[in-house]
Amino acid sequence: DPVLRLSEVGKGFHGTTVLDGVSLDVPQGQFVALVGPSGAGKSTLLRLVNGMHLPDSGTVRTLGENPAACSRSRLRALRARVGFVFQQFGLVGRLSALENVLMGSLATLRLPRYGVMSYPRALRIRAVEHLDRVGLADRRFQRCDTLSGGQQQRVAVARTLLQSPELILADEPVASLDPAASMVVLEILKRISAEDGISVVCSLHQVELALATADRVVALRGGRLVLDEPAAGLAAER
Ligand code: ADP
Ligand code: ADP
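Taking full-length UniProt numbering, I'd label the letters of the sequence shown as residues 4 to 241.
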């Protein structure tokens with residue numbers, strides 16, 4: 004079974020069609036860039052994958068589950084297996100990088116009351132290992148609001164990794180970063196996908212970045228899937 008399968012998915016809001024007959028299979032370990040202009044339906048597609056939205060027609064299967072048929076507790080369990088990275092990093096600025104990563108172990112991202120030492124030692128070690136993977140182990144005690152945007156997004160990726168996700172959804176993760184920082188973040192996501200066999204679906208509005216980093220480029224336009232190609236082939240055509 005693919006990690007993710009959308010079959011003829013349709014979704015609208017208040018009578019306006021946002022996604023129309025979208026079909027997509029994502030196998031394990033693939034890094035998929037989802038490109039398209041603003042309003043094309045990228046966020047909506049990602050939200051359908053983890054059950055934040057339910058389709059009006061067609062079916063979604065995520066990690067073998069159909070979010071539309073899940074009970075609340077089953078949906079919660081499914082979401083725990085799906086990491087989500089946002090454009091706005093969602094970090095707590097006054098807390099350290101390490102504390103923010105440790106928050107990934109909490110069922111809900113509420114403020115930990117007692118700081119780093121309130122977490123089990125094994126978890127603290129894993130959190131530092133994840134910070135090391137995103138190149139920020141030496142910044143672990145630094146407050147997040149003193150890190151650059153790119154560094155903050157890397158902390159958010161490390162926080163997601165602590166959740167041991169089987170699938171990572173990234174909604175415009177580099178939209179607020181400069182090109183160099185964007186490449187660093189996308190290369191990290193690509194490495195994680197390749198090394199850990201985690202599928203990543205990452206929305207981007209910059210096609211160039213998609214071609215430079217993704218395994219596969221899927222394009223949405225006006226709610227329809229208009230292109231689905233290996234990134235290498237597309238890059239060669241340019
Ligand atoms: P993208 O991520 O590609 O920019 P979105 O999925 O955010 O596109 O939005 C696609 C369209 O759906 C937009 O026109 C947006 O205004 C609309 N839309 C998204 N979410 C909602 C919602 N919850 N209610 C109403 N309209 C929505
Ligand atoms: P993003 O660019 O991150 O997709 P948006 O500004 O498009 O963020 O949307 C922010 C929130 O508002 C989302 O929850 C989205 O579903 C919702 N939304 C977007 N467009 C509309 C709309 N036309 N009506 C109601 N809710 C909307």
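Here a beta-carbon is modelled for each residue, glycine too, at the ideal position from N, C-alpha and C.
Just so it is clear, the structure is predicted and the values come from calculations on it, not from any experiment.
Every residue whose Cβ sits closer than 5 Å to any heavy atom of ligand 1 is listed here in chain order: F16, V21, S41, G42, A43, G44, K45, S46 and T47. Within the DSSP secondary-structure output, I191 pairs in no beta bridge. For R75, the uninterrupted alpha helix (DSSP H) segment begins and ends at R75 to A83.
Here A173 has V88 and C205 as same chain residues with Cβ atoms under 6 Å from its own Cβ, once five neighbours each way along the sequence are excluded.
Within a 10 Å sphere around the beta-carbon of T163 sit 16 or more other beta-carbons, which makes this residue buried. According to the DSSP assignment, E232 belongs to the beta strand (DSSP E) that extends over R227 to P233. Excluding the 5 residues flanking it on each side, R8 has same chain C-beta neighbours closer than 6 Å at D28 and R64, in chain order.
Burial state of I128 is exposed, judged by a 10 Å Cβ sphere holding fewer than 16 other Cβ atoms. Within the model, the alpha-carbon separation for M120 versus G138 is close to 22 Å. In the structure shown, the three-state DSSP call for S167 is coil. Three or more Cβ pairs drawn from the region 140-159 and the region 81-95 lie within less than 8 Å of each other, which places the two stretches in contact. For R224, the secondary structure class from DSSP, reduced to helix, strand or coil, is strand. Remark: C-beta atoms of S108 and L134 do not approach each other more closely than 8 Å.
Secondary structure of L37 (DSSP, three-state): strand.
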